[in-house]
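A.B. asks:
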Amino acid sequence: MYWQVALVVFGFMILAFVVAQLIKDNSIVDVFWGPGFIIVTVFSLVMAPDYDLRKIIVAFLVMIWGLRLTIFLFQRNKGKGEDFRYNKLRKTWKNITFRSFLQIFILQGLFMYIISFPIWYINYHPGEPLSTYDTVGLLIFGIGFIFEILGDMQLSYFKQSSSNRGKLMTKGLWKYTRHPNYFGEVLIWWGIWFYAVGIPYGWITVIGPVTITILLRFVSGIPLLEKRLSQYPNWPAYTQKTAPFFPFVKWL
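Each number in the working numbering corresponds to the 1-based position in the sequence shown with 290 added.
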């Protein structure tokens, strides 16, 4: 199943690349992110040697997360053109088509393959009885899902008000962490990982949640966004009193 999942992932990302070329918008890759995990989940579930409650629960959780994220990103990005991150790359990269293919779509395909490791590991192995790990996983996933949804909703409502134009969001969950949606996203994948721990040697799939944690916290998530947010006048004061990622923990 390992190589078959890889073929599905990279085939899907090649499709995303083709769409991006047609509409001249590389940020469409973000909209394809959620559906990619849904496809991996469904494919690996169809290929599973058997079906058990753990597989069904994980599939359901991934699907509601993926559908919610896809709808949210599509509505947020609709009619706004290419996201500033990708537009900046378009202006600075030479041979934009080739580099976009490798460094945006294929690279994100690789990340998708790694991050989804717990999912297809669960589906690849014969069913095991549910355990305490599954309960912990559901709890962590639930907290993460709430953080992601509320964080996105609060920011969207804030931006919809003309009186907040040019202002920094510092209320709601954003009062306790500068990136509640990213924090929620990371918790979601740690929650999925706990389901894999209930299977023999499932702990080895820890590379999945570790990868998304590093990416969002130290690479392409928070660092890029905070570089842009630093233009706000009250940004220094906000960073002094608000944790960057983990609520209330200013060093994390």
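Ideal Cβ placement from N, Cα and C applies to all residues, glycine included.
Note that this is a predicted model, so its numbers are computed, not measured.
Quick one: grab the DSSP three-state call for A338.
C.D. replies: The sequence position of residue 338 within the sequence shown is 48, counting from 1. Coil, per DSSP.
A.B. asks: In three-state terms, what does DSSP make of T467?
C.D. replies: Locating residue 467 in the sequence shown gives position 177, where the first residue counts as 1. In the structure shown, T467 sits in a strand (DSSP, three-state: E or B).
A.B. asks: Whose C-beta lies closer than 6 Å to the C-beta of E543 among residues of the same chain, with five residues either side of it excluded?
C.D. replies: No answer is possible for residue 543: it lies beyond the span of the chain, which begins at 291 and ends at 542.
A.B. asks: Compare the C-beta of W541 against all C-beta atoms of chain D and say whether one is closer than 7 Å.
C.D. replies: Going by chain labels, chain D is absent from the structure shown, which holds only one protein chain.
A.B. asks: Under a Cβ-count criterion, where at least 16 other Cβ atoms within 10 Å of its own Cβ denotes burial, should F437 be classed as buried or exposed?
C.D. replies: In the sequence shown, the residue the question calls residue 437 occupies position 147. With 16 or more Cβ atoms within 10 Å of its Cβ, F437 is classed as buried.
A.B. asks: Assuming V352 is part of the alpha helix (DSSP H), what are its boundary residues?
C.D. replies: Here residue 352 refers to the residue found at position 62 of the sequence shown. Taken as a continuous stretch (DSSP letters only), the alpha helix (DSSP H) holding V352 covers 343-367.
A.B. asks: For the alpha helix (DSSP H) holding R455, just list the boundary residues, first then last.
C.D. replies: Reading the sequence shown from its first residue, position 165 is the one you call residue 455. That residue, R455, is in no alpha helix (DSSP H); it is neither H nor E in DSSP.
A.B. asks: Relative to the alpha-carbon of N377, which residue among L363, I394, F362 has its alpha-carbon at the smallest distance?
C.D. replies: Mapped onto the sequence shown, residue 377 falls at position 87. Closest by alpha carbon: I394.
A.B. asks: Quick test of the definition: if touching needs 3 or more C-beta pairs under 8 Å, does the stretch 461-478 touch the stretch 435-451?
C.D. replies: yes
A.B. asks: Measure the CB-CB distance between G434 and G481 and report whether it falls below 7 Å.
C.D. replies: Within the sequence shown, residue 434 is the residue found at index 144, counting from 1. Within the sequence shown, residue 481 is the residue found at index 191, counting from 1. For G434 and G481, yes; Cβs fall inside 7 Å.
A.B. asks: Please report the Cβ distance between W483 and T501, rounded to the nearest whole angstrom; I am assuming they are in contact, meaning their Cβ atoms lie under 8 Å.
C.D. replies: Looking up residue 483 in the sequence shown gives position 193. Looking up residue 501 in the sequence shown gives position 211. Actually they are not in contact, since the Cβ atoms of W483 and T501 sit about 11 Å apart, beyond 8 Å.
A.B. asks: Based on the DSSP output, what are the partners of A533 in its beta bridges?
C.D. replies: Position 243 of the sequence shown, counting from 1, holds the residue named residue 533. Answer is T467, bridged to A533.
A.B. asks: Hey, G324 and F302: beta-carbon distance below 7 Å or not?
C.D. replies: By one-based count along the sequence shown, residue 324 stands at place 34. By one-based count along the sequence shown, residue 302 stands at place 12. For G324 and F302, no; Cβs fall outside 7 Å.
A.B. asks: Return the first residue and the last residue of the alpha helix (DSSP H) that L400 is part of.
C.D. replies: In the sequence shown, counting from the first residue as 1, residue 400 sits at position 110. Its alpha helix (DSSP H) spans residues 397-405.
A.B. asks: Is P537 near T467, with beta carbons less than 7 Å apart?
C.D. replies: Taking the sequence shown and counting its residues from 1, the one referred to as residue 537 is at position 247. Taking the sequence shown and counting its residues from 1, the one referred to as residue 467 is at position 177. For P537 and T467, yes; Cβs fall inside 7 Å.
A.B. asks: Under 8 Å Cβ to Cβ from F374, same chain only, skipping five residues before and after it: list those, please.
C.D. replies: Position 84 of the sequence shown, counting from 1, holds the residue named residue 374. So the qualifying residues of the chain are R518.
A.B. asks: Under the rule that 16 or more other beta-carbon atoms within 10 Å means buried, what is P339, buried or exposed?
C.D. replies: Translated into the one-based positions of the sequence shown, residue 339 becomes position 49. Exposed, since its Cβ has fewer than 16 Cβ neighbours within 10 Å.
A.B. asks: Starting from W293, trace the alpha helix (DSSP H) in both directions and tell me its first and last residue.
C.D. replies: Counting from 1 along the sequence shown, the entry for residue 293 is found at position 3. That run of the alpha helix (DSSP H) goes 292-313.
A.B. asks: Run through DSSP, which three-state label would W383 get?
C.D. replies: Residue 383 sits at position 93 when you count from the first residue of the sequence shown. Here W383 sits in coil by DSSP.
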